[in-house]
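Peer 1: Take 1 as the starting number for the sequence shown in the UniProt record's numbering and just add one per residue. Backbone N, C-alpha and C define an ideal beta-carbon position, used for all residues, glycine too. Here the structure is a predicted model, which means the values were calculated and not measured.
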Amino acid sequence: MNRESLNIVVVGHVDHGKSTLIGRLLYDTDSLSKGAIDKVKRISAEKGKSFEYAYLLDAFEEEQKQGITIDTTRLQFKTDKRDYVIIDAPGHVEFLKNMISGAASAEGAILMVDAEEGIKEQSKRHGYILSLLGIKKVYVAVNKMDLVGYSQDRYREIERDFNEFLNPLGVNPIEYIPISAYYGENITAKSGELSWYEGESIIEAIDSLEKEPEAEQKELRFPIQDVYKFDHRRIIAGRIESGSIEVGDEITIHPSGKQTRVKTLEYWQEGDRSDVAKAGESIGITVEDEFFYNRGDFITHRESSLSTGNRFRGNVFWLGKNDLVPNKKYKLKLSTAEVECQIETIIKAIDASTLEEVESPSGIKKNDVGEVIVRTKSEIGFDLFNELESTGRFVIVDDFDISGGGIILGQEESEAENAAEENHIWSVDKSDLEKIKEVESAIIGLGKYPERIEHSESVLSLIEKINHSLKSGNSPVVLV
Ligand SMILES: Nc1nc2c(ncn2[C@@H]2O[C@H](COP(=O)(O)OP(=O)(O)OP(=O)(O)O)[C@@H](O)[C@H]2O)c(=O)[nH]1
Ligand SMILES: [Mg+2]
Numbered sequence: 001m002n003r004e005s006l007n008i009v010v011v012g013h014v015d016h017g018k019s020t021l022i023g024r025l026l027y028d029t030d031s032l033s034k035g036a037i038d039k040v041k042r043i044s045a046e047k048g049k050s051f052e053y054a055y056l057l058d059a060f061e062e063e064q065k066q067g068i069t070i071d072t073t074r075l076q077f078k079t080d081k082r083d084y085v086i087i088d089a090p091g092h093v094e095f096l097k098n099m100i101s102g103a104a105s106a107e108g109a110i111l112m113v114d115a116e117e118g119i120k121e122q123s124k125r126h127g128y129i130l131s132l133l134g135i136k137k138v139y140v141a142v143n144k145m146d147l148v149g150y151s152q153d154r155y156r157e158i159e160r161d162f163n164e165f166l167n168p169l170g171v172n173p174i175e176y177i178p179i180s181a182y183y184g185e186n187i188t189a190k191s192g193e194l195s196w197y198e199g200e201s202i203i204e205a206i207d208s209l210e211k212e213p214e215a216e217q218k219e220l221r222f223p224i225q226d227v228y229k230f231d232h233r234r235i236i237a238g239r240i241e242s243g244s245i246e247v248g249d250e251i252t253i254h255p256s257g258k259q260t261r262v263k264t265l266e267y268w269q270e271g272d273r274s275d276v277a278k279a280g281e282s283i284g285i286t287v288e289d290e291f292f293y294n295r296g297d298f299i300t301h302r303e304s305s306l307s308t309g310n311r312f313r314g315n316v317f318w319l320g321k322n323d324l325v326p327n328k329k330y331k332l333k334l335s336t337a338e339v340e341c342q343i344e345t346i347i348k349a350i351d352a353s354t355l356e357e358v359e360s361p362s363g364i365k366k367n368d369v370g371e372v373i374v375r376t377k378s379e380i381g382f383d384l385f386n387e388l389e390s391t392g393r394f395v396i397v398d399d400f401d402i403s404g405g406g407i408i409l410g411q412e413e414s415e416a417e418n419a420a421e422e423n424h425i426w427s428v429d430k431s432d433l434e435k436i437k438e439v440e441s442a443i444i445g446l447g448k449y450p451e452r453i454e455h456s457e458s459v460l461s462l463i464e465k466i467n468h469s470l471k472s473g474n475s476p477v478v479l480v
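(1) Give me the residue from N327, R233, G118 and H92 with the minimum Cα distance to S362.
(2) Can you give the beta carbon distance from V10 to A104, rounded, assuming they're within the 8 Å contact cut?
(3) For ligand 2, any of its heavy atoms closer than 7 Å to the Cβ of A54?
(4) Is residue 485 helix, strand or coil when you go by DSSP?
(5) Within the same chain, show all residues whose beta-carbon is closer than 6 Å to that of S5, passing over the 5 residues directly before and after it, in chain order.
(6) Quick check: is any heavy atom of ligand 1 less than 7 Å from the C-beta of V113?
(7) Exposed or buried, P255, counting other C-beta atoms within 10 Å across all chains shown (16 or more means buried)?
(8) Among residues of its own chain, excluding the 5 on either side of Q108, which ones have a beta-carbon nearer than 6 Å to its beta-carbon?
(9) Could you tell me whether the region 236 to 252 touches the region 269 to 280, using the rule of 3 or more Cβ pairs below 8 Å?
(10) Shorter than 7 Å, the distance from the beta carbon of D401 to the closest heavy atom of ligand 2, or not?
(11) What does DSSP give as the partner residue(s) for H301 in the beta ladder?
(12) In the structure shown, what three-state DSSP assignment does P223 receive?
(13) Quick check on Y330: does DSSP put it in helix, strand or coil?
(14) For A141, which option in L21, G271, L324 and I347 has the closest C-alpha, if you only look at C-alpha atoms?
(15) Based on Cα-Cα distance, which residue from S403, I407, K18 and E389 lies nearest to R218?
(16) Hey, out of I251, S403 and K258, whose CA is closest to T264's CA?
(17) List the endpoints of the continuous beta strand (DSSP E) containing residue 498.
(18) When you compare only the Cα positions, how much space is there between N163 and K124?
(19) Considering only heavy atoms of ligand 3 and the C-beta of each residue, which residues fall inside 7 Å, strictly closer?
(20) Leaving out the 5 sequence neighbours to the left and right, which residues in its chain are closer than 8 Å to K258 when beta-carbon positions are compared?
(21) For my contact list, V397 and Y330 are in at a C-beta cut-off of 8 Å; report their separation, rounded to the angstrom.
(22) In whole angstroms, what is the alpha-carbon distance linking G271 and F298?
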């Protein structure tokens with residue numbers, strides 16, 4: 001039988017002991033080679049330090065020199081119960097992006113707080129990010145208990161203060177675990193120094209986490225990655241995000257709402273032949289009716305809770321150099337869809353380290369969060385994050401840089417005028433032939449002298465006319 005595997009990320013403020021905890025876990029579960037241990041012994045000695053567990057992870061010279069983690073590292077270890085991939089995230093604010101990319105694939109998290117230093121800026125920001133990523137299985141490790149004389153009062157104080165911050169965000173830690181990562185107290189075994197603590201050690205705690213129900217139990221979400229022409233067949237390719245799909249299934253393509261049926265599941269080798277495919281699999285399908293499919297369209301079963309529209313309310317976390325501001329063009333990526341978007345309204349902007357609301361914000365600053373209304377240029381399919389996570393989150397690209405990410409909280413009414421705008425085309429070439437073939441006529445130049453072109457004209461002459469119109473500044477062109 002396949003062993004179960006769980007991804008856990010370790011986050012928290014800089015120097016609070018994340019890499020040390022993971023080094024300890026690996027060391028105490030005999031997951032390290034003798035060579036790796038000897039090397040760390042040597043480097044630690046050269047630097048006049050006793051054994052530095054963090055060096056087991058901070059692989060790069062720069063990281064060791066500065067005693068700081070820059071990139072995320074993924075390591076594996078196992079317990080009797082299952083396998084783990086444990087992700088070491090950097091704590092420095094400058095590397096927040098790396099922290100987020102590390103945390104995005106995690107199913108559970110350990111949020112580290114230094115008992116002596118207490119809750120710091122990144123402890124809070126990381127807590128916020130966990131809530132935005134929807135990571136609900138969170139343990140707080142109260143580390144460096146050796147530096148506060150293993151004081152139960154100090155532990156309680158941190159638990160109380162941090163809950164005050166985290167609980168309103170929907171982060172309710174399962175347990176606060178007092179530890180000393182350096183001295184191995186309460187990591188793989190109960191600690192003598194912490195006899196007042198009756199809860200689980202780190203290993204017992206993560207072993208007691210239940211895995212989420214598999215994505216394949218949920219509704220079908222099959223975002224289209226590409227459409228290939230292959231000896232007269234058109235193959236729709238992509239990766240199934242959730243649910244499963246079977247030959248004969250009645251499906252709907254969003255946002256167009258067109259319906260058809262699955263004809264075949266394609267396969268490369270006879271041995272891969274199957275009539276059903278599940279979440280996580282990359283597949284190609286053919287369908288019974290030929291429509292025009294776009295990369296970024298969603299395939300669902302005929303009845304589905306997927307929303308389609310051009311406006312939604314979401315929470316964003318902003319990492320861009322420039323503030324996130326209304327009425328500027330950004331690119332929104334959601335699954336395989338990429339579409340131009342604007343922030344229509346900033347409902348509120350929040351300083352992620354204090355939770356203070358910024359009064360009448362003109363934008364959202366780097367490393368802060370906010371609630372916004374996003375408007376996309378054309379309609380897209382999406383889910384509400386609390387219903388389906390993988391299709392309820394999005395990324396915002398500013399000038400080719402991934403600058404923010406967020407989750408969808410609710411759908412807003414689509415703007416009627418955009419229904420027409422959806423069919424605007426801003427330039428055309430031969431690759432648009434398919435799309436143009438589908439339309440019945442086009443109105444060119446909505447300016448002073450609109451001209452209607454009937455589809456009976458040849459497609460090429462249509463393209464010519466459209467392009468001529470665009471060049472002469474008579475855009476937009478609406479296909480009807
Ligand atoms: N006394 C004491 N020191 C600790 C403990 N855990 C970690 N340290 C020390 O704290 C320092 C920072 O530890 P790291 O594990 O590098 O911290 P980090 O959270 O990974 O830091 P970044 O990755 O840079 O954010 C190191 O010198 C560790 O030896 C502990 O339980 N007790
Ligand atoms: Mg580190």
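Peer 2: Judging by the given coordinates:
(1) N327
(2) Contact flag wrong, Cβ pair sits at about 14 Å.
(3) yes
(4) Within the shown structure, residues of the chain are numbered from 1 to 480, placing residue 485 beyond reach of any answer.
(5) D83
(6) no
(7) buried
(8) Residue identity check: residue 108 is Gly in the sequence provided, not Gln. Within the same chain, G108 has close Cβ partners I8, K137 and L209.
(9) yes
(10) no
(11) I251
(12) strand
(13) strand
(14) L21
(15) Here residue 218 turns out to be Lys, not Arg, going by the sequence shown. Comparing Cα-Cα distances from K218 to each of S403, I407, K18 and E389, the minimum goes to E389.
(16) I251
(17) As displayed, the chain neither begins before 1 nor continues past 480, which places residue 498 out of reach and without an answer.
(18) 11 Å
(19) What this structure holds is ligand 1 and ligand 2, not ligand 3.
(20) T252, D289 and F291
(21) 6 Å
(22) 28 Å
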